[in-house]
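In terms of our numbering, the sequence shown opens at residue 1 and continues consecutively.
Following: one structure in structure tokens, then a few remarks.
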Amino acid sequence: MNDAEFQRIKKNFKRALEKNIFYKTKDVHFELSNVCNYTYMHPQCPTSKMKKIHVMPLDEIEAIAKKLGELGYDRTLSPYTYSEPLIDPRLYTVLEMLTKYVPKSNLAIVTNGFFLYEPVIDDIVKRGMRRISISCYLPKEHERIQKLVDKVRDKYSYVHFRVIKAYPLEKRMCDKYSIYESDTPVIEEKKACQAPYRYVYITRYGDIGLCCNDWKLECTFGSLKEKGFKEIFFSDKMVDMYLNLIQGNRNIHPLCSRCYRNK
């Protein structure tokens, strides 16, 4: 594709964003923190390599929620990334905040299930949770969680429950480090990816990042503490990244060139 053709596609893409800033977005997810109670037992998880703990302040979460609400965001909204959301004592406050400011959104979380019991399910569903995915890292926990979900499924027929077998641990999340290693072979074939618009990743620092695979946060597009979604989404850096990745041009960034995933 020559430059003139690229600029034409870019102009049309921005025109579509003007009509609906989230027209390419399926999920907005953000990190409440990078804290997880299973870090010690899951060496493949990036949280085990994050030496500095950072917790997103409530006022920053509220500001992001207000911005999403003002834009009429009506798709999935997920307060988690690599952290364990149920470990955060502010979670109920956050959920109430999200349902207040982004009432059209569909709240979802992924949890390891350690803190998940029926009263907890009652509380988070009451506060708007509509999709609960549980990654079970131990066989006994898997058995307990499956029984729990089977018990509450009829009561909450409008909630989507998903129980995931996430063990043996040594075979899980093994690809989270290779994209940073310069000796990892690059992907030769054109493999399309819809990052960074399809799953909008808001880091624990309030930046919009490339995707959740970039847990070291080497590629970000702007801070929501300083700019709005529209300003960041319309930036040449973010638009050019998407238009190249959607065509399978993974050499646009070293991380993408070594990543086999399709977002």
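Here a beta-carbon is modelled for each residue, glycine too, at the ideal position from N, C-alpha and C.
Can you tell me which of the options puts its alpha carbon nearest to the alpha carbon of residue i?
i, options, result
"D27", "P85, T203 and Y197", "Y197"
"V55", "I87, S235, K151 and M1", "I87"
"K140", "A166, Y158 and G128", "A166"
"K155", "M173, R172, K126 and G72", "K126"
"Y205", "N2, F30, E189 and I9", "F30"
"K67", "P46, S83, L98 and T93", "L98"
"H42", "K151, V152, R261 and Y137", "Y137"
"L217", "D207, G228 and L116", "D207"
"N37", "K191, A195, R153 and Y82", "Y82"
"K230", "C212, E70 and Y40", "E70"
"S182", "R258, G209, V239 and I145", "R258"
"C212", "G128, D175 and Y158", "D175"
"K237", "F221, K147, G228 and L245", "F221"
"M1", "P89, C193, L243 and V152", "L243"
"K100", "G72, I121 and L116", "G72"
"E118", "V102, Y180 and V149", "V149"
"E96", "G128, A195, F115 and I164", "G128"
"K225", "I202, D240 and C219", "I202"
"L77", "V102, P57, D3 and P89", "V102"
Can you tell me which residues form a DSSP beta bridge with residue i?
i, result
"S223", "D207"
"D27", "T76 and Y199"
"I164", "S135"
"S33", "V55"
What residues in its chain sit with their C-beta under 8 Å from that of residue i, if we drop five residues either side in the sequence?
i, result
"L91", "L32, P79, P85 and I124"
"R75", "F22, T25, K26, D27, V28, S105 and N106"
"E170", "Q44"
"F234", "K14 and L17"
"E143", "none"
"Y190", "Looking at the sequence provided, one finds Lys at residue 190 rather than Tyr. Excluding sequence neighbours, K190 sits near Q247, G248, N249 and R250."
"Y260", "D175, I187 and K191"
So, at 6 Å on beta carbons, what are the nonlocal neighbours of residue i in its own chain, with the 5 sequence-adjacent residues on each side left out?
i, result
"V291", "Nothing about residue 291 can be read from this structure; the chain reaches only from 1 to 263."
"W215", "P46"
Given residue i, which residues of its chain have a CB within under 7 Å of its CB, disregarding the five upstream and five downstream residues?
i, result
"M173", "Q44 and C45"
"S178", "T184 and R258"
"N34", "T47, M50, I53, H54, Y82, S83 and R204"
"K11", "none"
"R153", "F161"
"I232", "I208, F221, G222 and M238"
"G228", "K67"
"D59", "none"
If you pair each beta-carbon of the segment 121 to 138 with each one of the segment 100 to 112, do three or more pairs fall below 8 Å?
-> With a cut-off of 8 Å, the segment 100 to 112 and the segment 121 to 138 count as touching, because enough Cβ pairs lie within range.
Could you pull out every unbroken alpha helix (DSSP H) segment of at least 4 residues lying fully inside the segment 94 to 145, listed in chain order?
-> Listed in chain order, they are 118 to 126.
Count the CB pairs spanning the segment 12 to 20 and the segment 55 to 65 that are closer than 8 Å, and state whether there are at least three.
-> Judged by pairs of C-beta atoms under 8 Å, the segment 12 to 20 does not touch the segment 55 to 65, as fewer than three such pairs exist.
At a cut of 8 Å, does the segment 237 to 254 reach the segment 182 to 195 through at least three beta carbon pairs?
-> Counting Cβ pairs under 8 Å, three or more are found: they touch.
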